[in-house]
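Under the working numbering, think of the first position of the sequence shown as 1, with each following residue one higher. For reference, the structure discussed in these notes is given below.
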Amino acid sequence: MKQSASNRKVNEQAREVIAGILLFDVSDPRLHLVTITGCEVSYDRSACNVYYTTDPERYPEVQAAFEQAAGHIRSLMAKKLSWRVAPELRFHRDKSVDQAEAIGQALASEREHQQQRIVEDTIGTDTEF
Numbered sequence: 001m002k003q004s005a006s007n008r009k010v011n012e013q014a015r016e017v018i019a020g021i022l023l024f025d026v027s028d029p030r031l032h033l034v035t036i037t038g039c040e041v042s043y044d045r046s047a048c049n050v051y052y053t054t055d056p057e058r059y060p061e062v063q064a065a066f067e068q069a070a071g072h073i074r075s076l077m078a079k080k081l082s083w084r085v086a087p088e089l090r091f092h093r094d095k096s097v098d099q100a101e102a103i104g105q106a107l108a109s110e111r112e113h114q115q116q117r118i119v120e121d122t123i124g125t126d127t128e129f
């Protein structure tokens, strides 16, 4: 979906406000060390998809904490923004971070495998001189 400059600005503003709320205003320990990677606010500002990442083993507990704290975060967001409507918050795990990490590990493994093959081809598998 093509975004205008004003829509990108609104998305970034929402991301910054929600990240600040998690950092300073929410006391739930399950939401510590959670990174807000992006937001997509609808054009009428009635809904906001919030994308987050954290340690993979913590995803279920963080999702449960977001479901429980969504109303509180929404009310704090409404106080900090001068929008006419406080958007409904929908929290989604950002899968791109995990995919990027998996690709990085696969590339590192392949690089290591290629270096090992080069050493074997150069020296040979026969260790006798």
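By construction, the Cβ of each residue, glycine as well, lies at the ideal position given by its N, Cα and C atoms.
Distance from the CA of Ile21 to the CA of Val85, rounded to the nearest whole angstrom, comes to 18 Å.
Take the alpha-carbon of Arg74 and the one of Arg117: they are about 55 Å apart.
Assignment of Ala47 by DSSP, reduced to helix, strand and coil, places it in the strand class.
Closest option to Thr37, judged by alpha-carbon separation, among Tyr43, Phe24, Ile18, Ser46: Ile18.
Pairing Glu67 with Cys39 gives a Cβ-Cβ distance that is not under 9 Å. For Leu89, the pairing in a beta bridge is given by DSSP as Cys48. Under the three-state reduction of DSSP output, Val34 falls in the coil class, being neither helix nor strand.
DSSP places Thr54 in the coil class of the three-state scheme, outside both helix and strand.
Only exposed fits Arg111, as fewer than 16 other CB atoms lie within 10 angstroms of its CB.
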